[in-house]
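Peer 1:
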């Protein structure tokens, strides 16, 4: 039997629907050499984000490779703070615009096993996002041109034979993503869902009032940098021109369950991390243009006990 016929039969046995080329041919940045003298062939791209930590993602990758052995699986992160949908959503927004067109799985799913829907979202750029209907996927999908079609994942042929109530990342999302990467049609996933019915996270809006900017933490980065809703323009409107070294004060409001109560951090505006000595804090624009507080080679979130959704007021001093 020829090598080509073996590959054809293998591909057919793994895909429950008619093969398509839109996603399989989209990962042109990632290629594999067959070793037979043939030119490199585009590999389907699957990206993967979760709050699973270091071990559970391997099980999901095993499921994906069992269905799509040629897939290029890119791990965005599996260190999203546990159950923090907003942190996961922010990580997707940060990463996906820089990824090749492909299938993107995101699992931060406190409501696993409940009535929340398992979703597949098709974007104008050509990507498919897979994950729970809890707001995790929406903003990233909008960054990829917007949602053009939404479906709930109901096709059992795309899932593992046994579906648990506690590990949909392994049993539903990973196999569905792999089948789509191998060419299963988007319509095979399940019935359509009205786009305007999807769960959306409330978007914090900065507020300028009485020479101060009132906002909140929307993301905690790997190094402990904290990102706020708002831009340098918002802060300039509140406190005036921002120059390197300008003194500022951040007052973090007390939150329920936080024994430390209100926290005050005196810092400066900076153009780079190097605007301040090692260990000192600096408020600056991050790589996406948002306001961000960092310790130069430190972890400001850990030092001050900061987390997503905590309110903050920024003033001059």
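Numbering (the working numbering), first residue to last: 730 to 1046.
Backbone N, C-alpha and C define an ideal beta-carbon position, used for all residues, glycine too.
Let me know if residue 787 comes out buried or exposed under the rule of 16 or more other beta-carbons within 10 Å of its beta-carbon.
Peer 2: Exposed is the call here.
Peer 1: Could I get the ranges of all uninterrupted alpha helix (DSSP H) runs contained in the segment 788-849, with 4 residues as the minimum, in chain order?
Peer 2: Within the segment 788-849, the complete alpha helix (DSSP H) runs of at least 4 residues are 814-824.
Peer 1: How is the alpha helix (DSSP H) around residue 904 delimited, first residue to last?
Peer 2: Run containing residue 904: 903-910, per the alpha helix (DSSP H) assignment.
Peer 1: Is the beta carbon of residue 877 less than 8 Å from the beta carbon of residue 853?
Peer 2: In contact: residue 877 and residue 853 (Cβ atoms closer than 8 Å).
Peer 1: If I measure Cβ to Cβ from residue 767 and keep anything under 8 Å in the same chain, skipping five residues before and after, which residues do I get?
Peer 2: In this prediction, residue 767 has a pLDDT of 35, which is less than 50 and means its spatial position is unreliable; what the coordinates show is noted afterwards. Excluding positions up to five away in sequence, the list is empty.
Peer 1: Can you tell me which of the three DSSP states residue 969 falls into?
Peer 2: Of the three classes helix, strand and coil, the one that applies to residue 969 here is coil, per DSSP.
Peer 1: Tell me whether the segment 795-812 and the segment 931-941 touch, counting them as touching only if at least three CB pairs, one residue from each stretch, are closer than 8 Å.
Peer 2: Too few Cβ pairs lie closer than 8 Å, so no.
Peer 1: So residue 1018 packs on residue 960, CB below 8 Å; how close in whole Å?
Peer 2: Yes, residue 1018 and residue 960 are in contact; Cβ-Cβ is about 6 Å, under 8 Å.
Peer 1: For residue 955, list the residues DSSP reports as bridge partners.
Peer 2: Note: residue 955 sits in a beta bridge opposite 949, 1022.
Peer 1: Would the segment 901-908 and the segment 936-944 be scored as touching if the rule is three or more Cβ pairs under 8 Å?
Peer 2: The segment 901-908 is not in contact with the segment 936-944.
Peer 1: Quick one, which of 955, 773, 866 has its alpha-carbon nearest residue 818's?
Peer 2: Nearest option by C-alpha distance: 866.
Peer 1: Could you spell out where the beta strand (DSSP E) holding residue 1014 opens and where it closes?
Peer 2: From DSSP, the beta strand (DSSP E) with residue 1014 extends over 1010-1014.
Peer 1: Would you identify the three-state DSSP class for residue 936, choosing helix, strand or coil?
Peer 2: It is a strand residue.
Peer 1: If we count the other Cβ atoms within 10 Å of its Cβ and call it buried at 16 or more, is residue 823 buried or exposed?
Peer 2: Classification of residue 823: buried, given that the 10 Å Cβ count is 16 or more.
Peer 1: Would residue 956 and residue 995 be called neighbours here (beta carbons separated by less than 8 Å)?
Peer 2: No; because the gap between Cβ atoms is not below 8 Å, this pair is not in contact.
Peer 1: Taking the alpha carbon of residue 820 as the point to measure from, which residue in 921, 974, 1039, 870 has its own alpha carbon closest?
Peer 2: Selected option, being the one with the closest Cα: 870.
Peer 1: If we call anything under 8 Å between Cβ atoms a contact, is residue 919 one with residue 881?
Peer 2: The answer is yes: Cβ separation under 8 Å.
Peer 1: What's the call for residue 972, buried or exposed, on a 16-neighbour Cβ count within 10 Å?
Peer 2: Counting Cβ neighbours within 10 Å, residue 972 comes out exposed, since fewer than 16 surround it.
Peer 1: In the DSSP assignment, what are the bridge partners of residue 779?
Peer 2: Answer is 836, bridged to residue 779.
Peer 1: Hey, how far is the Cα of residue 1023 from the Cα of residue 889?
Peer 2: Using only the alpha carbons, I get a separation of about 43 Å.
Peer 1: Just verifying my parser: in three-state terms, what is the DSSP assignment at residue 882?
Peer 2: Residue state, collapsed to three classes: coil.
Peer 1: Around the Cβ of residue 883, are there at least 16 other Cβ atoms within 10 angstroms (buried) or fewer (exposed)?
Peer 2: Exposed, by the Cβ-count rule.
Peer 1: Rounded to whole angstroms, what's the CA-CA distance from residue 998 to residue 1036? Just pull it up for me.
Peer 2: Each residue's alpha carbon lies about 21 Å from the other.
Peer 1: Going by DSSP in three states, residue 995 sits in which element: helix, strand or coil?
Peer 2: Residue 995: strand per DSSP, three-state reduction.
Peer 1: With distances taken between CB atoms, is the gap from residue 1007 to residue 1025 smaller than 8 Å?
Peer 2: Yes, they are a contact pair.
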